[in-house]
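*Asks:* Residue numbers (the numbering used here): 13 to 554.
Idealized CB from N, CA, C, for every residue including glycine.
Take a look at this one; I'll ask things after.
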């Protein structure tokens, strides 16, 4: 099994076709048929016979009819990105285009409902597991026996080498390939350049090398909460995801860096008890304490029951939703993924100058999605062909470009707009060039090219492909009682997960360093190692 340091290798090249992370409640119509009878096609062939006689030429025509029966292999696809029939999003249109051009394969959509993982478990128990699925966690799909080993298929495919090596490595375990990358996004800061300039900030945030101190100073300068008519401004929307990059930046500035990358991960362990992590959480909590965040202000109504008045947040920013303030030009920086580029660009249009500015220290967070092909698929080669069309294959990518260029969605009747966002997963230069034509927000291309050139560091989020990451990052039970610390409304005895502790520390509800110990860090890392061993055992049994 490959070492975890390989799992978290920095993404140096660009990335994937967009798969927006949404959840649908459309009822499932899982298909269990493996073949279908296509319409009978009748072909008429004109045969001409010419007879020549003395002084006379006679022509005789005979028509023959041939009947051909075509059978298509059915490949079922399930993912949270299919939307509804009424929306007719780019995924559905791409599938329809494949079905129209393929003489041998037909893709049928299995629309998930309810909790996605529970839906897949139900399908597996019923023997109707889809042939291809978006995988929320590739190691779990291997452990549960969902994912097929597709090493031989990728080895025989020259286009597999067009996928950035870091993405290929991410889903290669013990030299076996168990998935294909389906999307790649950046997570980072979108900036309101007008508000920053009007705040007297001199830092050029369109450059890739601004510092953490530059950013903190701009957050403070942009905050003005003296207006009670809903027109106040703030530096940030919410600090809840800053832990993903601030420890890295602080560690880079240290005399002896510990090698922290995304969140608190350094090589094969989480450094929860390290000084960069503690300092990062203290810095972020201070932003909240200083009131530089929209989320720092209460949404509770003021006044009395008989005479309710607007909340503190409504009074300052005009709306209880903290995200609204950035969209109407009252916040300097918003944390968002590139899947939100089009929506943010639409909101900012005519209101303020928006730019993706990544993260301090010439860095961004990289987030990826993957598809696994089912072990129960009757035709693995056909399933791989479909997965390739929907993700990195040049034919499928170019088809999506054609759909976007030549389609006007009926938005009045519910169809959704079509555009690329995120990042290209195919390294072919023609794909990269086409991808960034009319990209909705400036700045993303510059960071993508910087990553390819090695001048931008991509901090890889391990949720989807690192075994044990989710448990160690979010779910581990710290044993810290919530009711007596940061969650006074909780029932007695209920304890904080590590994710709760991190969140509450960022929100200035608990002092992280008072509770994080070396013993707690070691206990979390033990579960992390056990998850890797569980995956190795599953692979050994394939």
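Whole-angstrom Cβ separation of residue 445 and residue 195, contact assumed at under 8 angstroms?
*Replies:* Along the chain shown, one-based indexing puts residue 445 at 433. Along the chain shown, one-based indexing puts residue 195 at 183. Not confirmed; about 19 angstroms, so no contact.
*Asks:* Going by DSSP, name the residue or residues bridged to residue 560.
*Replies:* In the structure as shown, the chain starts at 13 and stops at 554, and residue 560 therefore has no counterpart that could be examined.
*Asks:* Taking just the CA atoms, how far does residue 93 sit from residue 452?
*Replies:* Taking the chain shown and counting its residues from 1, the one referred to as residue 452 is at position 440. Taking the chain shown and counting its residues from 1, the one referred to as residue 93 is at position 81. Cα to Cα, residue 452 sits roughly 20 angstroms from residue 93.
*Asks:* Going straight from the alpha carbon of residue 124 to that of residue 105, what length do you get?
*Replies:* By 1-based counting over the chain shown, the position of residue 124 is 112. By 1-based counting over the chain shown, the position of residue 105 is 93. Residue 124 and residue 105: Cα-Cα distance of roughly 18 angstroms.
*Asks:* Closer than 6 angstroms by C-beta to residue 182: which residues in its own chain qualify, once you throw out the five before and the five after it? Chain order, please.
*Replies:* Here residue 182 refers to the residue found at position 170 of the chain shown. Answer for residue 182: 477, listed in chain order.
*Asks:* Excluding sequence positions up to five away, which residues of its chain have a Cβ less than 7 angstroms from the Cβ of residue 155?
*Replies:* Translated into positions along the chain shown, residue 155 becomes position 143. Cβ within range, chain order: 546, 547 and 550.
*Asks:* First and last residue of the beta strand (DSSP E) that includes residue 557?
*Replies:* The chain is shown from 13 up to 554; residue 557 falls before or after that span and cannot be answered.
*Asks:* What number of angstroms, rounded off, separates the C-alpha of residue 554 from the C-alpha of residue 143?
*Replies:* The residue labelled residue 554 in the question sits at position 542 within the chain shown. The residue labelled residue 143 in the question sits at position 131 within the chain shown. Each residue's alpha carbon lies about 18 angstroms from the other.
*Asks:* In the DSSP assignment, the beta strand (DSSP E) including residue 200 goes from what residue to what residue?
*Replies:* Position 188 of the chain shown, counted from the first residue, corresponds to residue 200. That run of the beta strand (DSSP E) goes 192–204.
*Asks:* Nearest-angstrom Cα distance between residue 202 and residue 427?
*Replies:* Reading the chain shown from its first residue, position 190 is the one you call residue 202. Reading the chain shown from its first residue, position 415 is the one you call residue 427. Near 27 angstroms, if we compare the C-alpha coordinates of residue 427 and residue 202.
*Asks:* Hey, residue 404 and residue 175: beta-carbon distance below 9 angstroms or not?
*Replies:* Locating residue 404 in the chain shown gives position 392, counting from the first residue. Locating residue 175 in the chain shown gives position 163, counting from the first residue. Cβ atoms of residue 404 and residue 175: closer than 9 angstroms.
*Asks:* Provide the residue(s) that pair with residue 481 in DSSP beta bridges, ordered along the chain.
*Replies:* In the chain shown, residue 481 corresponds to position 469, counting from 1. According to DSSP, residue 481 bridges with nothing at all.
*Asks:* Since residue 277 sits in a beta bridge, which residues does DSSP pair it with?
*Replies:* The residue given as residue 277 occupies position 265 in the chain shown. Partner residues in the beta bridge of residue 277, as assigned by DSSP, are 282.
*Asks:* Could you say which of 357, 355, 206 and 455 lies nearest to residue 375 if we only look at CA atoms?
*Replies:* Taking the first residue of the chain shown as position 1, residue 375 is located at position 363. The shortest Cα separation from residue 375 among 357, 355, 206 and 455 belongs to 455.
*Asks:* Might you give, ordered along the chain, the residues of its own chain that have their beta carbon closer than 6 angstroms to the beta carbon of residue 510, omitting 5 neighbours on each side?
*Replies:* Against the chain shown, residue 510 aligns to sequence position 498. If we look at residue 510 and ignore the five residues flanking it on each side, its Cβ neighbours are 488 and 490.
*Asks:* Taking the beta carbon of residue 321 as the centre, do at least 16 other beta carbons fall within 10 Å, making it buried, or is it exposed?
*Replies:* For this step, residue 321 is matched to residue 309 along the chain shown. Its Cβ having fewer than 16 others within 10 Å, residue 321 is exposed.
*Asks:* I need the straight-line Cα distance from residue 191 to residue 480, nearest angstrom please.
*Replies:* As a working note, residue 191 is residue 179 in the chain shown. As a working note, residue 480 is residue 468 in the chain shown. Distance between the alpha carbons of residue 191 and residue 480 is about 18 angstroms.
*Asks:* Bridge partners for residue 514 per DSSP, in chain order?
*Replies:* Position 502 of the chain shown, counted from the start, is the residue given in the question as residue 514. Bridge partners of residue 514: none, in fact.
*Asks:* Could you check the C-alpha separation between residue 343 and residue 206 for me, to the nearest Å?
*Replies:* Position 331 of the chain shown, counting from 1, holds the residue named residue 343. Position 194 of the chain shown, counting from 1, holds the residue named residue 206. Using only the alpha carbons, I get a separation of about 10 angstroms.
*Asks:* Quick one: is residue 397 buried, meaning 16 or more other Cβ sit within 10 Å of its Cβ, or exposed?
*Replies:* For this step, residue 397 is matched to residue 385 along the chain shown. So residue 397 ends up on the buried side.
*Asks:* Let's test the definition: count the other Cβ atoms within 10 Å of the Cβ of residue 173 and tell me whether it reaches 16, buried, or not, exposed.
*Replies:* Mapped onto the chain shown, residue 173 falls at position 161. The residue is exposed, with fewer than 16 neighbouring Cβ atoms inside 10 Å.
*Asks:* Out of 327, 408, 351 and 288, which one is the CA nearest neighbour of residue 108?
*Replies:* Along the chain shown, one-based indexing puts residue 108 at 96. Taking only the C-alpha atoms, the option nearest residue 108 is 408.
*Asks:* Can you tell which of 458, 464 and 100 has its C-alpha closest to the C-alpha of residue 631?
*Replies:* No answer is possible for residue 631: the residues shown for the chain start at 13 and end at 554.
*Asks:* Taking 6 angstroms as the limit between beta carbons, can you name the residues of its chain near residue 211, skipping five residues before and five after?
*Replies:* Looking up residue 211 in the chain shown gives position 199. Same-chain partners within the cutoff: 233 and 234.
*Asks:* At which residue ranges does the region 85–157 contain complete beta strand (DSSP E) runs of 3 or more residues, listed in the order of the chain?
*Replies:* 117–121 and 144–147
*Asks:* Please tell me whether residue 106 has its Cβ less than 9 angstroms away from any Cβ of chain E.
*Replies:* Considering every chain present, this structure includes no chain E. It has just one protein chain.
*Asks:* Classify residue 506: buried if its beta carbon has 16 or more other beta carbons within 10 angstroms, exposed otherwise.
*Replies:* For the purposes of this step, residue 506 is identified with residue 494 of the chain shown, where counting begins at 1. Exposed.
*Asks:* Reducing DSSP to helix, strand and coil, say where residue 83 ends up.
*Replies:* Here the question's residue 83 lines up with position 71 in the chain shown. Secondary structure at residue 83: strand, using DSSP grouped into helix, strand and coil.
*Asks:* Go to residue 548, then tell me how far its beta strand (DSSP E) extends in each direction, as first and last residue.
*Replies:* Position 536 of the chain shown, counted from the first residue, corresponds to residue 548. Here residue 548 belongs to no beta strand (DSSP E); instead the alpha helix (DSSP H) covers 530–552.
*Asks:* Going straight from the alpha carbon of residue 157 to that of residue 102, what length do you get?
*Replies:* The sequence position of residue 157 within the chain shown is 145, counting from 1. The sequence position of residue 102 within the chain shown is 90, counting from 1. In a straight line, the C-alpha of residue 157 is about 30 angstroms away from that of residue 102.
*Asks:* With distances taken Cα to Cα, identify the nearest neighbour of residue 521 among 530, 496 and 541.
*Replies:* If you number the chain shown from 1, residue 521 lands on position 509. Out of 530, 496 and 541, 496 has the C-alpha closest to the C-alpha of residue 521.
*Asks:* Rounding to the nearest angstrom, what Cα-Cα distance links residue 189 and residue 422 in this structure?
*Replies:* The residue you call residue 189 lines up with position 177 of the chain shown. The residue you call residue 422 lines up with position 410 of the chain shown. For residue 189 and residue 422, the distance between alpha carbons rounds to 40 angstroms.
*Asks:* How would you write the range of the alpha helix (DSSP H) that residue 366 sits in, first residue to last?
*Replies:* For the purposes of this step, residue 366 is taken as residue 354 along the chain shown, with counting starting at 1. According to the DSSP assignment, residue 366 belongs to no alpha helix (DSSP H) but to the beta strand (DSSP E) extending over 366–370.
*Asks:* Around the C-beta of residue 458, are 16 or more other C-beta atoms found within 10 angstroms, so that it is buried, or is it exposed?
*Replies:* Counted from its first residue, the chain shown places residue 458 at position 446. Per the 10 Å Cβ criterion, buried.
*Asks:* Please state if the CB of residue 371 and the CB of residue 261 are separated by a distance shorter than 9 angstroms.
*Replies:* Position 249 of the chain shown, counting from 1, holds the residue named residue 261. Position 359 of the chain shown, counting from 1, holds the residue named residue 371. In this structure, residue 371 lies closer than 9 angstroms to residue 261 by Cβ.
*Asks:* Would you identify the three-state DSSP class for residue 185, choosing helix, strand or coil?
*Replies:* By 1-based counting over the chain shown, the position of residue 185 is 173. Strand, per DSSP.
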